[in-house]
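Peer 1:
Here is the structure:
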């Protein structure tokens, strides 16, 4: 890689030079070399001229992506940036020069600076042109990202590498060699990472790791479907197996999964979460149907009801996904053991408005049994109230005429009126107390 040394007196001069480098017809031998110099300038002066919040870097990336130089040479320039990102690791690990052997920390710092710029450029480029993520999958970059995620000595790069890997998993099915990298040990690491970062002020790494796990789950589902179609063999879902092996050790993952669904606006992310929820509730082999706390399940019911009411008509596939989750959510989780179904009336009303066509048989039976039980309880309550109303004044007097009943009635009435009269001197209570007082006196005599 060619590193160019410049002297700048102000940030304005620096950014002007970046713009000049993106003009076609310069002194560089190729567009790839021209962009390589552009990246090297960003790497060399990032601490001096780029703000820590990343706004300057973002603007510089879009300046590159919008330039005629990039637009006219997209494939070759993207390939050169991907190669640069891969070669940084090779240089850092395998090709340390004699001069740098004396100061390996300095060399590692330079490599981290280079990866920070290069990864960001690839992330912005892929978000603008998703086919760039496909090109990245054709290289060794997926393995490079796993290596980078497992390196904890430079925490700024870790969430960026997680995000890049997530985006790559979204664009197409992984090759068998890449899917093999998402092994059980890597899943354990990511789940532990979610637990360790639960209290971090910056949520990027925590939520990014959850999103990557969701993307892996979809990749396992795609692989299972392909294997089933080719050889009638269904491989195990590694994420479900790993969660099953960690009872009680992935609480933050479960809590934040529902929290992310609650505030998610991206349809793709909602679908990823709903796919995993459905598997958790319907996979008896892994015994994960009670993976969540009951209070979290109540929140999930609220989220499902809200989304079913508010989704626009064109979001038919997303609505169907929410309906598919609702059935096993109510019938397979610990919610099935509740005496009264949480939000049953709202669920029935919502399903009625939607036509109810997506209810499964277990959900229909559960809702119907609960409705019958409530009707029986209401009928029994009405009968009891009716029996009480049929008692006349004479009936109540005759039932109180026995000596035991009379004694108890006199005592309870006297104590009741005395206590009430002391705390609330009502004229009616006072008159009643005066009426009964001579009777008790004569009895005593």
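Numbering (full-length UniProt numbering), first residue to last: 1 to 445. Think of the CB as a built atom: it goes at the ideal place given N, C-alpha and C, for glycine as much as any other residue. Fair warning: this is a prediction, and the values are worked out from it, not measured in the lab.
(1) Can you tell me the Cα-Cα spacing of residue 200 and residue 206, whole angstroms?
(2) Spatial neighbours of residue 288 within its chain, please: CB distance less than 7 Å, with the 5 preceding and 5 following residues excluded, ordered by chain position.
(3) By Cβ distance below 8 Å, which residues in the same chain neighbour residue 63 in space, the five residues on each side in sequence not counted?
(4) How close, in whole Å, do the beta carbons of residue 212 and residue 121 come, if the pair is a contact with beta carbons under 8 Å?
(5) Using the three-state DSSP reduction, which class does residue 286 fall into: helix, strand or coil?
(6) Could you tell me the boundaries of the alpha helix (DSSP H) in which residue 302 lies?
(7) Does DSSP classify residue 357 as helix, strand or coil?
(8) According to DSSP, is residue 206 helix, strand or coil?
(9) With 16 as the cutoff for other CB atoms within 10 Å, does residue 168 come out buried or exposed?
(10) Under 7 Å Cβ to Cβ from residue 101, same chain only, skipping five residues before and after it: list those, please.
(11) Please state whether the Cβ-Cβ distance between residue 210 and residue 253 is less than 8 Å.
(12) Thinking just about the alpha-carbon of each residue, which of 58, 194 and 114 is nearest to the one in residue 127?
(13) Tell me which same chain residues have a C-beta within less than 6 Å of the C-beta of residue 88, skipping the five on either side of it?
(14) Please return the same chain residues whose Cβ sits closer than 6 Å to the Cβ of residue 15, not counting the five positions on each side in sequence.
(15) What does the Cβ neighbour count give for residue 155, buried or exposed, with the cut at 16 atoms within 10 Å?
(16) Once you ignore the five residues that flank residue 268 on each side, which residues in its own chain have a CB closer than 8 Å to its CB?
(17) Within this structure, are the beta carbons of residue 68 and residue 24 separated by less than 8 Å?
(18) Give a yes or no on whether the C-beta atoms belonging to residue 119 and residue 161 are separated by under 8 Å.
(19) Please report the distance separating the alpha-carbon of residue 256 from that of residue 338.
(20) If you compare alpha carbons, which of 236, 132 and 196 is closest to residue 180?
(21) Since residue 131 is in the alpha helix (DSSP H), which residue starts that stretch and which ends it?
(22) When the Cα atoms are used, what is the spatial distance from residue 284 to residue 278?
(23) Please check the pair residue 43 and residue 117, which I expect to be a contact at CB under 8 Å, by giving their CB distance rounded to whole angstroms.
(24) Keeping to the same chain, check which residues put their C-beta closer than 6 Å to that of residue 70; ignore five residues upstream and five downstream.
(25) Is residue 335 closer than 8 Å to residue 297 when the C-beta atoms are compared?
(26) Is residue 293 near residue 304, with beta carbons less than 8 Å apart?
(27) For a test of the three-state rule: what should DSSP assign to residue 416, helix, strand or coil?
(28) Relative to the C-alpha of residue 263, which candidate in 307, 139 and 225 has its C-alpha closest?
(29) Whole-angstrom Cβ separation of residue 272 and residue 218, contact assumed at under 8 Å?
(30) If you draw a straight line from the C-alpha of residue 174 to the C-alpha of residue 194, how long is it?
(31) When you compare each of 246, 203, 187 and 197 to residue 220 by their alpha carbons, which one comes out closest?
(32) Hey, could you find the ends of the alpha helix (DSSP H) residue 68 is sitting in?
(33) Tell me which residues share the same chain as residue 311 and place their Cβ nearer than 7 Å to its Cβ, disregarding the 5 neighbours each side in the sequence.
(34) For residue 249, which of 190, 204 and 146 has the nearest alpha-carbon?
Peer 2: The short version:
(1) Taking the first residue of the chain shown as position 1, residue 200 is located at position 200. Taking the first residue of the chain shown as position 1, residue 206 is located at position 206. If you take the alpha carbons of residue 200 and residue 206, they lie about 8 Å apart.
(2) For this step, residue 288 is matched to residue 288 along the chain shown. Cβ within range, chain order: 240, 243, 244 and 280.
(3) Working through the chain shown from its first residue, we reach residue 63 at position 63. Closer than 8 Å at Cβ, skipping near neighbours: 18, 19 and 22.
(4) As a position in the chain shown, residue 212 is number 212, starting the count at 1. As a position in the chain shown, residue 121 is number 121, starting the count at 1. Contact doesn't hold; Cβ gap of about 20 Å is too wide.
(5) By one-based count along the chain shown, residue 286 stands at place 286. The answer is coil: DSSP assigns residue 286 none of H, G, I, E or B.
(6) The residue you call residue 302 lines up with position 302 of the chain shown. Segment 294-310, the alpha helix (DSSP H) holding residue 302.
(7) Start at 1 with the first residue of the chain shown, and residue 357 comes out as number 357. With a pLDDT of 49 at residue 357, under the threshold of 50, the predicted position of this residue should be treated as unreliable, and no value is reported.
(8) Start at 1 with the first residue of the chain shown, and residue 206 comes out as number 206. Helix, per DSSP.
(9) One-based indexing of the chain shown puts residue 168 at position 168. Buried: at least 16 other Cβ atoms inside 10 Å.
(10) For this step, residue 101 is matched to residue 101 along the chain shown. Its pLDDT being 45, under 50, residue 101 is placed unreliably in this model, and the value from its coordinates should be taken loosely. Taken in chain order, the list of residues that qualify is empty.
(11) Taking the first residue of the chain shown as 1, we reach residue 210 at position 210. Taking the first residue of the chain shown as 1, we reach residue 253 at position 253. In contact: residue 210 and residue 253 (Cβ atoms closer than 8 Å).
(12) Along the chain shown, one-based indexing puts residue 127 at 127. Among 58, 194 and 114, the Cα nearest to that of residue 127 is on 58.
(13) Taking the chain shown and counting its residues from 1, the one referred to as residue 88 is at position 88. Around residue 88: 111, 114 and 115.
(14) Taking the chain shown and counting its residues from 1, one reaches residue 15 at position 15. Within the same chain, residue 15 has no close Cβ partners at all.
(15) The sequence position of residue 155 within the chain shown is 155, counting from 1. The residue is exposed, with fewer than 16 neighbouring Cβ atoms inside 10 Å.
(16) Against the chain shown, residue 268 aligns to sequence position 268. Answer for residue 268: 170, listed in chain order.
(17) Locating residue 68 in the chain shown gives position 68, counting from the first residue. Locating residue 24 in the chain shown gives position 24, counting from the first residue. Closer than 8 Å, so yes.
(18) By one-based count along the chain shown, residue 119 stands at place 119. By one-based count along the chain shown, residue 161 stands at place 161. It is a contact, given that the beta carbons lie within the stated cut-off.
(19) Position 256 of the chain shown, counted from the start, is the residue given in the question as residue 256. Position 338 of the chain shown, counted from the start, is the residue given in the question as residue 338. One C-alpha to the other measures close to 24 Å.
(20) Counting from one through the chain shown, the residue named residue 180 turns up at place 180. It is 236 whose Cα lies nearest to the Cα of residue 180.
(21) As a first step, residue 131 is located in the chain shown; it is residue number 131 there, counting from the start. Residues 131-137.
(22) One-based indexing of the chain shown puts residue 284 at position 284. One-based indexing of the chain shown puts residue 278 at position 278. The alpha-carbon atoms of residue 284 and residue 278 are separated by roughly 12 Å.
(23) Within the chain shown, the letter at position 43 stands for residue 43. Within the chain shown, the letter at position 117 stands for residue 117. Correct: roughly 5 Å between the Cβ atoms.
(24) Counted from its first residue, the chain shown places residue 70 at position 70. If we look at residue 70 and ignore the five residues flanking it on each side, its Cβ neighbours are 64 and 77.
(25) Here residue 297 corresponds to residue number 297 of the chain shown, with the count starting at 1. Here residue 335 corresponds to residue number 335 of the chain shown, with the count starting at 1. Closer than 8 Å, so yes.
(26) Position 293 of the chain shown, counting from 1, holds the residue named residue 293. Position 304 of the chain shown, counting from 1, holds the residue named residue 304. No, Cβ-Cβ distance for residue 293 and residue 304 is not below 8 Å.
(27) Reading the chain shown from its first residue, position 416 is the one you call residue 416. At residue 416, the pLDDT of 42 sits below 50, so the modelled position is not reliable; the number obtained from the coordinates is stated separately. Reduced to three states, the DSSP call for residue 416 is helix.
(28) In the chain shown, residue 263 corresponds to position 263, counting from 1. It is 307.
(29) Position 272 of the chain shown, counted from the first residue, corresponds to residue 272. Position 218 of the chain shown, counted from the first residue, corresponds to residue 218. About 6 Å; that satisfies the 8 Å criterion.
(30) Residue mapping note: residue 174 aligns to position 174 of the chain shown, counting from 1. Residue mapping note: residue 194 aligns to position 194 of the chain shown, counting from 1. Each residue's Cα considered, the two are about 23 Å apart.
(31) For the purposes of this step, residue 220 is taken as the residue at position 220 of the chain shown. Among 246, 203, 187 and 197, the Cα nearest to that of residue 220 is on 187.
(32) Locating residue 68 in the chain shown gives position 68, counting from the first residue. Where residue 68 is concerned, the enclosing alpha helix (DSSP H) stretches over 68-72.
(33) In the chain shown, counting from the first residue as 1, residue 311 sits at position 311. The residues are 318 and 319.
(34) Looking up residue 249 in the chain shown gives position 249. Here the closest residue by C-alpha is 190.
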